[in-house]
Amino acid sequence: MKAFQNTNARDARNAATLLKQAKADGKKASLAGGGSDVLALVKDHIVQPDVIVHLRSIKGQDRIESSSGGLAIGGLTTIATLAEDQAVRSQYAVLAEAANTVATPQIRNVGTLAGNVAQRPWCWYYRNGFNCYKAGGNQCFSFAGENQFHAIFGGGPSYIVHPSDTAPALVALGATFTIAGPNGERKVPAGEFFTLPRQNAAKENALADDEVITGVQIPAAKAGTRSTYQKVMDREAWTHAVVSAAVVLEMDPSAKDVVRSARVVLGGVAPIPWRLTEVEKMLAGQKITDALLDKVGEAAVAGARPLSQNAYKVPLTKNLVKRTIRDLAARA
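Using this note's numbering, the letters of the sequence shown map in sequence onto residues 12 to 343.
This is the structure in C-alpha cells:
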C-alpha cells in the first residue's frame, strides 16, 4: 500500500480547500467520512491517494433535526443512526428501511449518509483493477463480459449500477443535497445530483473534485403520505441490491384507497437511481387495482435493455414494483 498523509478537516469548507490545494500541488486526495469504502479502494490499489482528508473531525454534521419544514440530516450521520431515528422511521419510512438494508451492522455503525450516496461502483471489473471507463480507461468490460448484476436502464458507455440504498429513497422523497466547495455552498436536488455515464463515464455524480456533501434536506411529508423500500439481494447480507424499489405514495385523505401522487425510484438497475415517471403518472388519481398494477408493471420495464446475462432483472423489476405498490397502498 502506498504511503499517504492523513489530514483532519476543521469544517466542510476547509475540507474542500484541502482537496483543492492537493490538486494544485500535483497530489491525489481522497475524502474519508466513515472510511470503509475509500480504505477498501486504497487496499485494493484502485485509488492511490497522497492525502486522505478526514471529515470525522468536523463538528455538528452528524445530527438529524426535525422541524415543520421537514428534516435536516448531516452528511456525517451514520447509516445506523438514520435507520434507528424515530423521526425518520415515523415520517420517512422509505429512508429508514433503505438504511437498514445497507451492508452489515458493523458497516452501518461507521458508514455515513454522504459516503453511502457518493460511494464508487462495486462492479467487479472496476474493483479488480481493470482499466475500464471508471478507472480512466476507454471501454466497459462488462458489456461483453460478466454482467449479471449490471444495468438494464441508462447504460452506455458504462453499465455499472449505482450501489447506494439510500440514494433511491432520497430521490423518492424529493431531497436536496447541500454541497460545500472552497468558495461556499450550493444546493442540488437529489434527482439532479446523480449523473449518467454519457455525461462523464468516469463519474457518478455532480460533485466537483473539491466539493463535499455536508447535508441533506427532506421536505415535510404531506398528510396521507406513506412510503417503503423493498430490496432483492443475491444473498442475505453485505450485498447490494439486484433490484430495489423506493416508493412514496400520497393517499387522498377523502378517499384513502386513491393515490393522489406517487414517486417510484428503482435501485440496482441503472447507473443512477432510476425514477419511473410514467408509472407515477399512471398512479396519480387512481385506485390501486390488479388491472392497474398489471399496467404499472409493464410500464416499469418499458425501455429496458438487458445485457447478455441479466435479462432476469426485467421480470424481477416488474414484479417487485407491482408488489411494493400493492402492499404499500393496502397499509392502514
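Glycine included, C-beta positions come from ideal geometry on N, C-alpha and C.
- Taking a cut-off of 8 Å for Cβ pairs, the stretch 259-269 and the stretch 229-243 touch, as three or more such pairs fall below it.
- In the DSSP assignment, no residue is bridged to residue 193.
- Listed in chain order, the alpha helix (DSSP H) runs fully inside the stretch 254-313 are 288-294 and 301-311, counting runs of at least 4 residues.
- CA-to-CA, the gap between residue 109 and residue 331 works out to about 15 Å.
- Put simply, the stretch 88-106 touches the stretch 115-127. At least three CB pairs are less than 8 Å apart.
- Spatial neighbours of residue 72 in its own chain (CB-CB distance under 8 Å, excluding positions within 5 residues in sequence) are listed in chain order as 23, 66, 85, 86, 87, 88, 225 and 226.
- Judged by DSSP secondary structure, residue 16 falls within the beta strand (DSSP E) whose first and last residues are 16-19.
- For residue 242, the uninterrupted beta strand (DSSP E) run begins and ends at 236-243, by DSSP.
- With three or more CB-CB distances shorter than 8 Å, the stretch 174-185 counts as touching the stretch 264-280.
- Restricted to the stretch 160-230, the alpha helix (DSSP H) segments that are unbroken, complete and at least 4 residues in length are 177-183 and 201-204, listed in chain order.
- Non-local C-beta neighbours of residue 171 in its own chain, meaning closer than 6 Å and more than five positions away in sequence, comprise 132, 134 and 282, ordered along the chain.
- Between residue 82 and residue 103 the beta-carbon gap is near 7 Å, inside 8 Å, which marks them as a contact.
- Residue 88 carries a coil assignment under DSSP once its states are collapsed to helix, strand and coil.
- Per the DSSP secondary-structure output, residue 101 pairs with nothing in a beta bridge.
- Rounded to whole angstroms, the separation of the alpha carbons of residue 68 and residue 21 is 6 Å.
- Residue 47 carries a helical assignment under DSSP once its states are collapsed to helix, strand and coil.
- With contacts defined by Cβ atoms closer than 7 Å, residue 325 and residue 307 do not form a contacting pair.
- The three-state secondary structure of residue 232, taken from DSSP, is coil.
- When the Cα atoms are used, residue 93 and residue 127 turn out to be separated by approximately 12 Å.
- Out of 95, 253 and 295, the CA that lies nearest to the CA of residue 321 is found in 253.
- DSSP places residue 325 inside the alpha helix (DSSP H), whose first and last residues are 324-340.
- Residue 63: not part of any alpha helix (DSSP H); member of the beta strand (DSSP E) spanning 62-65, first to last residue.
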